[in-house]
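Just so we're aligned, residue 45 is where the sequence shown starts under the numbering used here, counting upward by one.
The C-beta atom is built at its ideal place from N, Cα and C for all residues, glycine as well.
The next block holds one structure in the form of structure tokens; read it before the comments.
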Amino acid sequence: MSNIALRELPLKGLEREAAVNLLESYQRCLNLTASSEELAQLAERYQGHPKALEIVATLIKDDRKFNGNVCKFLGDRQWLLINTLDRLIDEVFIRVSALERTCLTRISVYQTSEYPLNTAGIAAQMPEVSDYELEESIIQGLRRRQLLDYDDNMESYQMHPLIQEKAYRLLRPHPKNVTPESRLANRQAYGYFLSIPLKPHTEWQETEDIKPLFRAHYHACCAEDWDEGAGAIFGCYNFLRLGFYFQFLKALYIKLIPTDWKNGKQLVTSSEIHADILLCLGVACIYLGEYQIANEYLSHSLSVSRQIGYCKGEASSLCSLGDLYLETTNCQVSLEYLKQSLLVARKIENRFIECQVMIYEGANQYYLGNIYLAIEIYQKALQIARQINCREKQVSCLKDLGLFYNDLGDYTSAFNYINEYLSIPDCYKGTRSQEELQIYLANIYFNKGEESTAKTIAKKALEIEAKLGKKSGTDAFISLGINYNFFETYQESIKYFHKRLERSQKIGTRFDEAWALYQLGIIHQKLGNPNSSLEYFYKSFSIFQEIGTRAYEAKALLALAQISHIINTIPQETIQDYCDRAEQICIELNLPLLAEVQKFKTNPASIDNEHS
Numbered sequence: 045m046s047n048i049a050l051r052e053l054p055l056k057g058l059e060r061e062a063a064v065n066l067l068e069s070y071q072r073c074l075n076l077t078a079s080s081e082e083l084a085q086l087a088e089r090y091q092g093h094p095k096a097l098e099i100v101a102t103l104i105k106d107d108r109k110f111n112g113n114v115c116k117f118l119g120d121r122q123w124l125l126i127n128t129l130d131r132l133i134d135e136v137f138i139r140v141s142a143l144e145r146t147c148l149t150r151i152s153v154y155q156t157s158e159y160p161l162n163t164a165g166i167a168a169q170m171p172e173v174s175d176y177e178l179e180e181s182i183i184q185g186l187r188r189r190q191l192l193d194y195d196d197n198m199e200s201y202q203m204h205p206l207i208q209e210k211a212y213r214l215l216r217p218h219p220k221n222v223t224p225e226s227r228l229a230n231r232q233a234y235g236y237f238l239s240i241p242l243k244p245h246t247e248w249q250e251t252e253d254i255k256p257l258f259r260a261h262y263h264a265c266c267a268e269d270w271d272e273g274a275g276a277i278f279g280c281y282n283f284l285r286l287g288f289y290f291q292f293l294k295a296l297y298i299k300l301i302p303t304d305w306k307n308g309k310q311l312v313t314s315s316e317i318h319a320d321i322l323l324c325l326g327v328a329c330i331y332l333g334e335y336q337i338a339n340e341y342l343s344h345s346l347s348v349s350r351q352i353g354y355c356k357g358e359a360s361s362l363c364s365l366g367d368l369y370l371e372t373t374n375c376q377v378s379l380e381y382l383k384q385s386l387l388v389a390r391k392i393e394n395r396f397i398e399c400q401v402m403i404y405e406g407a408n409q410y411y412l413g414n415i416y417l418a419i420e421i422y423q424k425a426l427q428i429a430r431q432i433n434c435r436e437k438q439v440s441c442l443k444d445l446g447l448f449y450n451d452l453g454d455y456t457s458a459f460n461y462i463n464e465y466l467s468i469p470d471c472y473k474g475t476r477s478q479e480e481l482q483i484y485l486a487n488i489y490f491n492k493g494e495e496s497t498a499k500t501i502a503k504k505a506l507e508i509e510a511k512l513g514k515k516s517g518t519d520a521f522i523s524l525g526i527n528y529n530f531f532e533t534y535q536e537s538i539k540y541f542h543k544r545l546e547r548s549q550k551i552g553t554r555f556d557e558a559w560a561l562y563q564l565g566i567i568h569q570k571l572g573n574p575n576s577s578l579e580y581f582y583k584s585f586s587i588f589q590e591i592g593t594r595a596y597e598a599k600a601l602l603a604l605a606q607i608s609h610i611i612n613t614i615p616q617e618t619i620q621d622y623c624d625r626a627e628q629i630c631i632e633l634n635l636p637l638l639a640e641v642q643k644f645k646t647n648p649a650s651i652d653n654e655h656s
């Protein structure tokens with residue numbers, strides 16, 4: 045390529061279509077092998093810079109390693125600066141002043157695609173010069189040489205990726221080794237982002253509202269200042285948790301532990317903070333459905349906390365392990381962890397953890413079918429939440445108490461709790477909580493026979509659930525209470541519950557697997573497919589029985605009795621056994637379902653009338 049010494053390197057790229065057209069011309073004359081998509085990727089990688097595309101196309105043709113194959117080049121080279129381009133840019137860099145070079149290398153640590161770079165950001169990297177010298181001499185000099193540009197649309201200074209890669213290599217020649225110069229640049233970037241004013245935390249709505257904290261965390265980690273990296277994000281943990289940004293939360297915290305953390309290694313100075321980081325990772329993984337690694341994080345957090353006598357960390361880890369086993373409906377194991385957590389929480393008089401433990405205990409009792417005990421525990425938790433003025437825990441209690449009273453058919457009490465929930469500001473609720481409330485409300489209206497209102501609320505609940513799935517980075521988030529009534533057609537509901545069944549089997553949520561099977565049984569019964577319905581009901585019953593969720597076991601037994609009667613080939617003794625077992629559970633747990641069971645036992649023909 046050209047050996048002419050350049051004073052400047054024009055970095056304005058071609059538009060996508062023009063860049064691809066240029067590459068297609070090189071493809072024809074150089075006989076390159078490439079699809080249209082691969083040419084587009086190559087154009088995008090070099091942002092349409094014509095000189096760069098010419099040099100790269102020639103390299104792909106001449107280098108025997110690639111032999112004219114664009115795909116091989118794209119897969120092989122994770123960097124932009126091939127030798128010829130590197131030399132070309134060297135000719136330009138040689139002519140910049142020492143201060144211009146310093147500025148260029150330091151600002152190369154910024155990721156302008158993540159956060160706009162303004163004059164204040166550049167000034168943070170050049171404290172040794174005056175504002176006048178920075179703007180009138182250094183920035184203008186870099187812009188004249190087209191090493192720095194200002195994008196009006198993004199309201200940000202930009203470097204072409206080629207220039208940024210070159211500048212960063214000068215700052216940090218070996219990616220695995222942090223140089224004093226790169227550490228200084230990242231520390232200055234960290235300080236700059238922390239200096240950006242934020243809204244009050246009660247006004248945070250989206251991650252954009254606290255993006256400077258994430259950038260501060262990024263630069264602290266690049267400087268290997270792990271304590272500062274942790275400090276930058278601990279204040280926004282609850283916001284991310286309530287907002288259901290678990291994939292993002294995990295990505296932030298995983299940078300703060302070493303690869304050999306299982307061997308007792310840590311990056312932060314404080315072992316207490318290290319235990320808290322592992323706890324945060326464990327919680328994130330629970331809600332991502334990554335239960336095995338969640339257990340590892342939480343168990344290690346527990347171990348570290350016990351070793352150093354960090355009682356709050358011990359109680360929190362035990363509580364989250366209880367939540368983990370609650371999510372997988374292993375209620376007895378969950379209750380054992382929660383019992384241990386409660387002892388520690390009360391010992392250190394931490395009423396926040398005590399309240400959370402009681403919420404999880406109540407949820408376990410609900411799954412086990414002990415609704416009245418669940419209500420009693422939740423009311424005690426609500427009392428504590430009010431005493432310590434913890435709005436977040438108040439909304440958890442109020443919402444679930446609405447669910448419990450709906451299950452008992454006490455709609456007045458259900459609405460009383462829900463109305464109190466609605467009176468609390470949304471910033472204390474979180475996206476998941478608000479979605480669950482819509483589900484519970486829809487079910488109340490379905491139960492009351494107000495189908496039109498229920499359908500409207502159900503539609504909103506499904507929309508929120510889809511958003512939760514995207515936020516958490518999963519293909520489908522699982523929500524308790526969604527049933528076939530929520531959908532306009534049976535085909536929609538079948539599609540939803542098959543997807544839900546697949547995901548629950550993949551991540552090991554046995555209760556949700558059984559719930560999906562139970563709903564599919566109802567749908568096929570309504571479609572007139574009794575044999576398929578029987579199969580789904582039996583599978584759901586087996587799981588409900590296995591995991592000890594007795595109230596749902598009774599539901600499945602009644603469904604089995606009813607569908608067996610419709611099929612009319614099942615022995616009467618089997619149907620009677622299903623009814624007797626369902627009745628016994630209902631009596632033991634004082635379930636409202638008892639009336640329906642006894643009605644069917646007395647008059648099995650009533651089911652024929654309902655399905656005629």
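Under 8 Å, do residue i and residue j count as touching if we go by C-beta distance?
i	j	result
LEU382	TYR410	no
ILE587	ALA626	no
ALA260	LEU238	yes
PRO302	LEU311	yes
ILE40	LEU325	There is no way to answer for residue 40, as the model of the chain reaches only from 45 to 656.
ALA167	ARG227	no
TYR234	ALA264	yes
TYR341	GLY552	no
ASP196	GLN202	no
ALA78	LEU148	no
THR373	PHE555	yes
ILE19	LEU637	Because the chain is modelled from 45 through 656, residue 19 falls outside the range shown and cannot be assessed.
With DSSP as the reference, label residue i as helix, strand or coil.
i	result
SER32	Because the chain here runs from 45 to 656, residue 32 falls outside it and cannot be looked at.
ALA520	Summary for ALA520: the model assigns pLDDT 41, below 50, so the residue's position carries little reliability, and this model does not support an answer.
GLN351	helix
PRO626	Before going on, a small fix: residue 626 reads as Ala here, not Pro. If DSSP states are grouped into helix, strand and coil, ALA626 belongs with the helices.
ASN487	helix
LYS309	coil
ARG19	The first residue shown for the chain is 45 and the last is 656, placing residue 19 beyond what the model contains.
THR373	coil
GLU155	A quick correction: the sequence has Gln, not Glu, at residue 155. Of the three classes helix, strand and coil, the one that applies to GLN155 here is coil, per DSSP.
ILE614	coil
THR146	helix
THR533	coil
ASP304	coil
ASN162	coil
GLY592	coil
GLU52	Because GLU52 carries a pLDDT of 48, less than 50, the predicted location of this residue cannot be relied on, and the following value inherits that uncertainty. In the structure shown, GLU52 sits in coil (DSSP, three-state: anything other than H, G, I, E or B).
LYS492	coil
PRO648	coil
Please name the residue, chosen from the options, that lies closest to residue i on a Cα-to-Cα basis.
i	options	result
ARG145	THR156, GLN155, GLN169, VAL114	GLN169
ASP269	ILE240, THR246, GLN232, TRP248	GLN232
LEU379	ARG395, GLY357, GLU393, ALA407	ALA407
GLU358	GLU371, GLU316, ASN339, ILE462	GLU316
PHE531	SER548, PHE490, GLU199	PHE490
ARG337	LEU368, ALA603, ARG547	The identity of residue 337 in the sequence shown is Ile, whereas the question assumes Arg. Here the closest residue by C-alpha is LEU368.
ALA649	ILE629, ILE610, GLN616	ILE610
HIS245	HIS344, ASP196, GLN384, LEU284	LEU284
TRP305	ILE321, ALA639, GLN291, LEU447	ILE321
PRO160	LYS599, LYS443, ASP454, GLU252	GLU252
LEU365	ASN394, GLU393, GLN400	GLN400
ALA319	GLU398, SER347, ILE330	SER347
GLU81	GLN606, GLN438, GLU98, GLU61	GLU61
ILE488	LEU103, TYR449, LYS503, LYS511	TYR449
Give the C-beta separation of residue i and residue j to the nearest angstrom, bearing in mind that I take them to be a contact with Cβ-Cβ under 8 Å.
i	j	result
LYS105	LEU83	Wrong, their Cβ atoms sit about 14 Å apart, outside the cutoff.
PHE396	CYS434	6 Å
TYR461	GLY525	Actually they are not in contact, since the Cβ atoms of TYR461 and GLY525 sit about 15 Å apart, beyond 8 Å.
THR618	SER608	6 Å
LEU561	LYS583	5 Å
LEU58	GLN85	Rounded, the Cβ-Cβ distance is 15 Å, inconsistent with contact.
Return the chain-ordered ranges of every alpha helix (DSSP H) run that is complete within the region 66-115 and spans a minimum of 4 residues.
Taken in chain order, the complete alpha helix (DSSP H) segments of 4 residues or longer contained in the region 66-115 are 80-89, 94-106.
Can you list the beta strand (DSSP E) stretches of 3 or more residues lying completely in the region 181-248, in chain order?
List check, beta strand (DSSP E) in window: 193-195, 200-202.
Counting only runs of 3+ residues fully inside the region 423-469, write out the beta strand (DSSP E) ranges in chain order.
None, since the region 423-469 contains no complete beta strand (DSSP E) of that length.
Jot down the residue ranges of each uninterrupted alpha helix (DSSP H) in the region 383-413, minimum 4 residues, whole runs only, in chain order.
Within the region 383-413, the complete alpha helix (DSSP H) runs of at least 4 residues are 395-411.
Give, in chain order, every unbroken run of the alpha helix (DSSP H) that is at least 4 residues long and sits entirely within the region 240-293.
Listed in chain order, they are 255-266, 270-278, 281-286.
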